[in-house]
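Position in the sequence shown (from 1) plus 776 gives the number in the numbering used here.
Virtual Cβ for every residue (Gly too), placed ideally from N, Cα, C.
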Amino acid sequence: MIPLLCLIFISGLPGFRDICNSAPLPDSAVVVNADCITGDERFTAVSLFYSTDNQQSWTGLAMSRLGTPGYESTWYARFPLPDSGPVYYYLRAEVPAGAATLAPYNSANSWPPPLNLLALGNQDPTGDARSPEGNWLDLTGFWVGYSADRFYGLLTNNHNSWPLYSFPQPWYIYSVGFVNPEAPSDSFVFALCY
Numbered sequence: 777m778i779p780l781l782c783l784i785f786i787s788g789l790p791g792f793r794d795i796c797n798s799a800p801l802p803d804s805a806v807v808v809n810a811d812c813i814t815g816d817e818r819f820t821a822v823s824l825f826y827s828t829d830n831q832q833s834w835t836g837l838a839m840s841r842l843g844t845p846g847y848e849s850t851w852y853a854r855f856p857l858p859d860s861g862p863v864y865y866y867l868r869a870e871v872p873a874g875a876a877t878l879a880p881y882n883s884a885n886s887w888p889p890p891l892n893l894l895a896l897g898n899q900d901p902t903g904d905a906r907s908p909e910g911n912w913l914d915l916t917g918f919w920v921g922y923s924a925d926r927f928y929g930l931l932t933n934n935h936n937s938w939p940l941y942s943f944p945q946p947w948y949i950y951s952v953g954f955v956n957p958e959a960p961s962d963s964f965v966f967a968l969c970y
């Protein structure tokens with residue numbers, strides 16, 4: 777059984793469609809194919825992450841572009857199957873402007889979600905903020921996940937906490953938007969704000 781984990785799409789950048797996997801091959805491997813579309817096709821990476829231990833840990837693989845006529849936007853990777861039990865996987869694509877990712881499924885609505893149930897949405901270098909008032913303004917990463925009825929996000933900074941000022945002190949608003957690519961184009965856009 778190979779359930780597909782999906783539905784988190786970040787930044788409106790690359791998009792995934794026609795994701796499918798093969799039946800187990802004679803060498804006990806599975807091949808995953810996906811069309812990954814972006815306007816300029818300048819991918820820095822397309823990756824597949826798979827788990828054979830019920831999503832406790834993930835192994836990342838670089839996907840390769842098929843590139844043959846009719847499959848110019850199709851990417852593929854293969855991974856080994858365990859002797860028994862389910863295998864989970866999700867995909868991530870990066871372009872110079874950002875990334876899009878599918879994410880692990882948090883079936884128990886664990887709160888706060890552990891990192892093994894979140895996928896990296898974007899990572900930012902430490903120390904790149906210009907003269908910040910504090911290190912909390914130097915954002916370093918964003919992770920996402922989902923369950924049947926919730927979206928989860930984790931925003932990290934170059935500090936061990938976030939300021940909790942009282943009114944009328946300075947306010948800082950952090951937000952990340954995401955959409956469901958399978959929804960109609962006039963549907964909702966979601967955002968996480970802090």
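Original post:
In this structure, does DSSP put W887 in helix, strand or coil?
Top reply: The count along the sequence shown starts at 1 and reaches residue 887 at position 111. W887 falls in the coil class under three-state DSSP.
Original post:
Is W912 helix, strand or coil when you go by DSSP?
Top reply: Here residue 912 refers to the residue found at position 136 of the sequence shown. Reduced to three states, the DSSP call for W912 is helix.
Original post:
Hey, out of L896, N933, P856 and P901, whose CA is closest to W919's CA?
Top reply: Residue 919 sits at position 143 when you count from the first residue of the sequence shown. Nearest of L896, N933, P856 and P901 to W919, Cα basis: L896.
Original post:
Is the distance from the Cβ of F825 to the Cβ of Y881 below 8 Å?
Top reply: Locating residue 825 in the sequence shown gives position 49, counting from the first residue. Locating residue 881 in the sequence shown gives position 105, counting from the first residue. No, the pair does not count as a contact, with Cβ atoms beyond the cut-off.
Original post:
How many Å lie between S849 and C812 at the Cα?
Top reply: As a position in the sequence shown, residue 849 is number 73, starting the count at 1. As a position in the sequence shown, residue 812 is number 36, starting the count at 1. Approximately 6 Å, taken between the alpha carbons.
**OP:** Quick one: using the 10 Å Cβ neighbour count with 16 as the cut-off for buried, is N933 buried or exposed?
**Re:** Here residue 933 refers to the residue found at position 157 of the sequence shown. Classification for N933: buried.
**OP:** May I have the straight-line CA-CA distance separating S931 from P802, to the nearest angstrom?
**Re:** Along the sequence shown, one-based indexing puts residue 931 at 155. Along the sequence shown, one-based indexing puts residue 802 at 26. The amino acid at residue 931 is misidentified as Ser; the sequence shows Leu. If you take the alpha carbons of L931 and P802, they lie about 42 Å apart.
Original post:
Pick from R906, A805, P939 and D914: whose alpha carbon is nearest that of Q899?
Top reply: The residue you call residue 899 lines up with position 123 of the sequence shown. Considering only alpha carbons, the answer is D914.
Original post:
Which one of P960, A821, N936 and P939 has the shortest CA to CA distance from G874?
Top reply: Here residue 874 refers to the residue found at position 98 of the sequence shown. The residue with the shortest Cα to Cα distance from G874 is A821.
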